[in-house]
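**Student:** The opening position of the sequence shown corresponds to residue 201 in our numbering, with each subsequent residue numbered one higher.
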Amino acid sequence: MRIVPHILGAAIAAALISTPVFAAELTGTLKKINDSGTITLAHRDSSIPFSYIADGSGKPVGYSHDIQLAIVEALKKDLNKPDLKTKYNLVTSQTRIPLIQNGT
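1) If we ignore side chains and look at the alpha-carbon of each, how far apart do LYS287 and TYR252 end up?
2) Based on the DSSP output, what are the partners of SER251 in its beta bridges?
3) What are the boundary residues of the alpha helix (DSSP H) that includes THR229?
4) With distances taken Cα to Cα, identify the nearest neighbour of THR292 among ALA274, ASP245 and ASP278.
5) Under 8 Å Cβ to Cβ from THR238, same chain only, skipping five residues before and after it: list those, please.
6) Return the bridge partner residues of PRO260 from the DSSP annotation.
7) Determine the direct distance from the alpha carbon of ALA254 to that of SER299, and round the result to whole angstroms.
8) Can you name, in chain order, every residue of its own chain whose Cβ lies under 8 Å from the Cβ of ILE248, other than the five neighbours on each side?
9) Secondary structure at LYS285, three-state DSSP: helix, strand or coil?
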């Protein structure tokens, strides 16, 4: 599909455009990521082709996951944290909003 490169490009551009914001004191989620050295990525287990668990690997893959990984790479540069750890959190349509609200 031709739309995926455009979405990925837009996500990366948005992350890079927001770089001047990082020059100020970090607050909220960015501060939490910076202080903990870990970012949590939510994923689904069977929302093909967006986010799903690949057979045998146990790791999430898909378009949405690729966008998440591009944003993580941009954050590593912006926060100067090349060793930023990535944690995965399996969500469902029932659990995703409560998990975001409680900061999980």
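Note that the Cβ used here is the ideal one computed from N, Cα and C, for glycine as well. Note that the structure is predicted; figures quoted are calculated from it, not measured.
**Tutor:** Judging by the given coordinates:
1) 16 Å
2) SER247
3) 228-236
4) ASP245
5) LEU284, LYS285, THR286 and LYS287
6) ILE253
7) It should be noted that the sequence gives Leu, not Ser, for residue 299. Those two C-alpha atoms are separated by around 23 Å.
8) GLY262
9) strand
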